[in-house]
Amino acid sequence: MNTVEEPLIVTEGLKKDYREGGVVVPAVRGIDLRIGAGEFTVIVGPSGSGKTTFLNLISGLDSPTAGKVWLRNRPVSDMSGDALSDFRRDHIGFVFQAYNLIPVLTVRENIEYILLLQGVPDDERAAWVAGILKEIGMEGFERRFPPRISGGQQQRVAIARAMVSKPELILADEPTANLDSETGSELLDMMRGLNRRTGMTFLFSTHDRMVMERADRVITLHDGRIAKDEWSRRT
Amino acid sequence: MTLALRLGWRNLFRNKRRTLIAGLAIGVGLASLIFTDALMQGMVAQMIKSATAAYLGEGEIHRRGFRLTQEPGLTIHDAAGVEARLEKDPDVEAFAPRAESFGMITSAAEARSVMIVGVDPSRERLLSQVDDNIRQGAFFEGSGERDIVIGNALAEILGVEPGDRIVATVSQAGSGVLAQDMFRVSGIYRFGIKEMDEGFAFVRLAKAQDMLGIGRGINEIALKFRDIRFATRKDNPFWTAYSTGGNEAVSWAVLLPQLRDALGLFWISLAFMAAILFGIVAFGIINTLFMSLYERMFEFGVLRAVGTRSAGVRRLIIFEAGALAALSIAMGLVLGLVLTLVVARTGVNYSGIEFAGTTFSEPLTPVLQVRQLVVYPLATFLFTLLVALYPARVAGRLRIADALRKSL
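Top to bottom, those sequences are chains A and B. Using this note's numbering, the first residue of the first sequence is number 1, and each one after it goes up by one. Using this note's numbering, the first residue of the second sequence is number 1, and each one after it goes up by one.
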């Protein structure tokens, strides 16, 4: 088994319990994990295994009941409020299952939204957006609104939005779930290519075998615990 | 900031029907406020006009103490000088000198205590409406010094008609000696106001002065201004300028405190109506914003996930409310203007109806003012933003993981 020499993500004793009708339901039951910079890692597992909760905890979208999360040695689990929002903005990109672009913003506006939050100057922002649109093959679609482009194109824009600020980590939740296999395969190849070229770390939650086939590492969760942690032979 | 503004504006049109309904609710509220205010302005102007134009005047000048005692010996100091000043005053449209005292009018059939007023017919015509309301005879035509003009109710009580003779009795200033003289009824007027039709008798000024023994003195100068609002303008220097030498100049608001208070109630009722309307509007705005918020919960989750601070989400809701307010105000202004202008052309017929001691003599017409088109829209805008603070606060406190429950 490979070892992670330079971990980007470190979790220690990570736990999350939910209360439902007065009953404590453990969703994540103590996960110790290291994910290295530049990895293309997939988290798999049946429904209710804790995949989503685990990704929420890593990205600071939810706070753990116990345990710690570090991202590039920064204690995400200890952050809150604006500091946590700013940290996500600068270090994490998100790709959601249903694309989730803002429908009233154009393709260009959706992509540059995060750059605006970061206060990137106009000319620099324009150059970055143009570059990323070229990279994802969406030149000429800048002024279109999301409902006017296909699902595959929307997911490309969502990937562009996640990557435009050059974050260290991209979290993708079932990014191919709503796409046909051909479009999904194209997108995965694109993300794999971006991962190799830029060194950005990709962490997926998926059931899609195509994603697993392209992954460096497949982590299987079961009942909130790591059941299996396998590295690809290619790696 | 500009992206947030764009987002707020474009989000409005995601559910056009809902935006239209919410906008109309706010707009109709605003339009009703503008219209009601304009109608009340018209009603107030009409009431003031009814109360002052018939006889009283929009203001009066007396010798200090006369209003309380009605003592005919209290004549205006330097009346000729005051009249000369009034003649040149640009705010004064007309004025009428009067000598007056309570007295007795006796006919062959009956006697009645009335206010006997000596008037200068040429000046009185420009100020009061006694001459406009003559039903029989005339208002001091010719030079008959024994002409007397009375109301129809008094004529009925006395059983007299134009041409009949009646006797007027007053007590002279200072001595209290009774002075009596015979008059010929030359005109009978009818206002439809009991006090006017029953309680006054008008004679020529010189005759009244002789009977009262006040020489060329006058007890009252009634005033009419070029602008009906002039009399009640705040800190108006007119009243102090003419309250000199033992005289006092007062507006109708002092002479008719009951009308002033009734008008005050008008504005209080308008304020209550505004409060109720704004309350309804508030629920409408909150409902619209919450529906929009819950519909787009996931979207707000995405915005928060990618790094938007909670203040940014709050700002977005406020901008959306601002955009809704702007749209609603545009609709409300159009509705309010159209409604007010249409009713201003047709009028609302309240003629003959008595309210707060005055009788409406003409159809009510709304009076549109710049204030109504500025203050109410501005208040609506600010109020909408204020009300939006609550949904904005809720949006800012969303738990991101809950908002994104179906994804990450």
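We put the beta carbon where it would ideally sit given N, CA and C, even for glycine.
- Legend: CB atoms of the stretch 16-29 of chain A lying less than 7 angstroms from CB atoms of chain B are not found in any residue.
- At least 8 angstroms separates the beta-carbon of residue 146/B from that of residue 202/B.
- Excluding sequence positions up to five before and after residue 313/B, its CB lies within less than 7 angstroms of the CB of 300, 303, 304, 395 and 396, all in the same chain and listed in chain order.
- Between residue 247/B and residue 82/B, the CB-CB gap stays under 8 angstroms.
- For residue 223/B, the three-state secondary structure derived from DSSP is strand.
- When the alpha-carbon of residue 209/A is set against those of 44/A, 165/A, 27/A and 29/A, the nearest one is in 44/A.
- Considering only 221/A, 202/A, 126/A and 152/A, the residue with the shortest C-alpha distance to residue 137/A is 152/A.
- In the DSSP assignment, residue 152/B falls within the alpha helix (DSSP H) that extends over 152-158.
- Under the 8 angstroms criterion on CB atoms, residue 85/A is classed as interfacial with respect to chain B.
- For residue 49/B and residue 176/B, the gap between their C-alpha atoms comes out near 36 angstroms.
- Residues of chain A whose Cβ lies closer than 8 angstroms to the Cβ of residue 11/B are, in chain order, 104.
- For residue 306/B, the nearest CB of chain A lies under 8 angstroms from its own CB, placing it at the interface with that chain.
- Out of 38/A, 30/A and 68/A, the CA that lies nearest to the CA of residue 50/A is found in 30/A.
- Listed in chain order, the positions of the stretch 123-144 of chain A with a beta carbon within less than 8 angstroms of a beta carbon of chain B would be empty, since no residue qualifies.
- Residue 146/B carries a coil assignment under DSSP once its states are collapsed to helix, strand and coil.
- Every unbroken stretch of the beta strand (DSSP E) spanning 3 or more residues and falling wholly within the stretch 213-284 of chain B is given here in chain order: 220-225 and 247-251.
- Residues of chain B whose Cβ lies closer than 8 angstroms to the Cβ of residue 94/A are, in chain order, 302, 305, 306 and 408.
- Residue-level contact check: residue 293/B does not touch chain A, since none of the beta carbons of chain A fall below 8 angstroms from its beta carbon.
- Cβ neighbours of residue 114/A within its own chain (closer than 7 angstroms, five residues either side excluded): 89, 161, 164 and 165.
- Taken through DSSP and simplified to helix, strand or coil, residue 43/A comes out as strand.
- Leaving aside the five residues that flank residue 90/B on each side, none in its chain has a CB nearer than 6 angstroms to its CB.
- Contact with chain B is found for residue 116/A, since one of that chain's Cβ atoms lies less than 8 angstroms from the residue's Cβ.
- When the beta-carbon positions are compared, residue 205/B and residue 332/B stay at least 8 angstroms from each other.
- The beta carbon of residue 14/B falls within 8 angstroms of a beta carbon belonging to chain A, placing the residue at that interface.
- With contacts defined by Cβ atoms closer than 8 angstroms, residue 365/B and residue 336/B do not form a contacting pair.
- Within 7 angstroms of the CB of residue 61/A, the CB atoms of chain B belong to 305, 400, 401, 404 and 408, in sequence order along the chain.
- Residue environment: residue 19/B is assigned as buried (16 or more neighbouring CB atoms within 10 Å of its CB, all protein chains considered).
- Secondary structure of residue 207/A (DSSP, three-state): coil.
- Between residue 134/B and residue 142/B, the alpha-carbon positions lie close to 16 angstroms from each other.
- With contact defined as three or more Cβ pairs closer than 8 angstroms, the stretch 128-143 of chain A and the stretch 173-181 of chain A are not in contact.
- The beta carbons of residue 155/A and residue 133/A sit no closer together than 8 angstroms.
- With a contact defined as Cβ atoms closer than 8 angstroms, residue 127/B and residue 57/B qualify at about 6 angstroms.
- 188/B is the residue among 173/B, 188/B and 172/B whose C-alpha sits nearest the C-alpha of residue 163/B.
- Relative to residue 55/B, the option among 98/B, 210/B, 230/B and 35/B whose CA is nearest is 98/B.
- With a threshold of 8 angstroms between beta carbons, residue 3/B makes contact with chain A.
- At least one CB of chain B lies nearer than 8 angstroms to the CB of residue 82/A.
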